[in-house]
Each structure stands twice: as structure tokens, then as C-alpha cells.
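Below is one structure; the comments refer to it alone.
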Amino acid sequence: MSATSVSRGSRHQLLSVQQILSQADNRQAGRPAPLPPLRLTRRGRIVLIGIPLVLLAALLLSLAGFFNAPAKASESATDLATTPTVTVTVQPGESLWGIAAGVAPERDPRDVVADIVLLNNLPAGAVFPGQQLFVPAS
Numbered sequence: 010m011s012a013t014s015v016s017r018g019s020r021h022q023l024l025s026v027q028q029i030l031s032q033a034d035n036r037q038a039g040r041p042a043p044l045p046p047l048r049l050t051r052r053g054r055i056v057l058i059g060i061p062l063v064l065l066a067a068l069l070l071s072l073a074g075f076f077n078a079p080a081k082a083s084e085s086a087t088d089l090a091t092t093p094t095v096t097v098t099v100q101p102g103e104s105l106w107g108i109a110a111g112v113a114p115e116r117d118p119r120d121v122v123a124d125i126v127l128l129n130n131l132p133a134g135a136v137f138p139g140q141q142l143f144v145p146a147s
């Protein structure tokens, strides 16, 4: 029995079936057939290059925000200014506006009310009788 095999050159060789099978066995026994070169599509190249670039950009923006964030209030504790305050107990019928006008008559009551709200962390402008408030001292 014989079979015709075409080699890489353009000439024909006459090989037996046993020779063809033995060549295939020798190729598989020695080492695996070499893989074809990797070919990426356009989408594959975009993914392969784009995802690391996007991650790198996100990392750089995060680091830039971290290093440029104004995190320090002061260089030392001696540079910090404290607001002098007094404690006032709210009487029945009093409002923040009345308290602000009584504590600092020389200042604009709107500014004093805003200071009282900030100092006491008030969610709204309402106060209740008996409530203790920190108010800025004059």
C-alpha cells in the first residue's frame, strides 16, 4: 500500500501509510506541535491596552487627589484658634434670634444665629425651653 503526500516543497513523494503514521507518532511523541502565533482582533488590542490604561489613569487621579487634599487644619496645636463661648439656657418663649440679639447686640443677629447653629450642631433653627446652648462670647 502506498499513499501520496505533498511536502512543503512542490514535489510529490510516494510514502507508505506506515511511514505517514510513524511520522505522526514521532511528532506527537517528541514534543507537541507548535502553536500558531497569537493574533488579536482590533477589539482584543483595545481591551489588552485600554483596560490597563484606564486602571492606571484611575490610580494616578486617586493619588493626585490624596496628595493634594487639604487635610491639615494647622501646623501645630498652638496655631488653632478657639471660639470663646458662654453657656446659655433657653427660657420659655425665647428664640435663636432673641438669644443672638441679647448676647451680641453689636453684631448682625444673622451671623450670631449662624454661629450658634454651628457651635451646637443644631439640625434646624428650633430650640426648646431648658436646652443648654453654647453661644459666642462678645
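Heads up, the sequence shown is in our numbering, so the first residue is 10 and it goes up one at a time. Cβ coordinates follow ideal geometry from the N, Cα and C atoms, glycine included. It should be emphasised that the depicted structure is a prediction, and the values quoted were computed from it without experimental measurement.
Within the same chain, show all residues whose beta-carbon is closer than 7 Å to that of residue i, passing over the 5 residues directly before and after it, in chain order.
i, result
"residue 94", "128, 143, 144, 145, 146"
"residue 109", "118, 121, 122, 125"
Exposed or buried, what is residue i when buried is set at 16 or more other beta-carbons lying within 10 Å of its beta-carbon?
i, result
"residue 135", "exposed"
"residue 23", "exposed"
"residue 70", "exposed"
"residue 117", "exposed"
"residue 130", "exposed"
"residue 68", "exposed"
"residue 133", "exposed"
"residue 105", "buried"
In three-state terms, what does DSSP make of residue i?
i, result
"residue 145", "strand"
"residue 97", "strand"
"residue 131", "coil"
"residue 186", "With the chain covering 10 to 147 only, the question about residue 186 has no answer from this structure."
So residue i and residue j are in contact, right, with Cβ under 8 Å, and what is the actual spacing, rounded?
i, j, result
"residue 122", "residue 112", "The Cβ separation is near 10 Å, so there is no contact."
"residue 96", "residue 141", "6 Å"
Please go through the same chain and pick out, in chain order, the residues whose beta-carbon is closer than 6 Å to the beta-carbon of residue i, but skip the five residues on each side of it.
i, result
"residue 57", "none"
"residue 138", "99, 101"
So, at 8 Å on beta carbons, what are the nonlocal neighbours of residue i in its own chain, with the 5 sequence-adjacent residues on each side left out?
i, result
"residue 50", "none"
"residue 28", "none"
"residue 114", "none"
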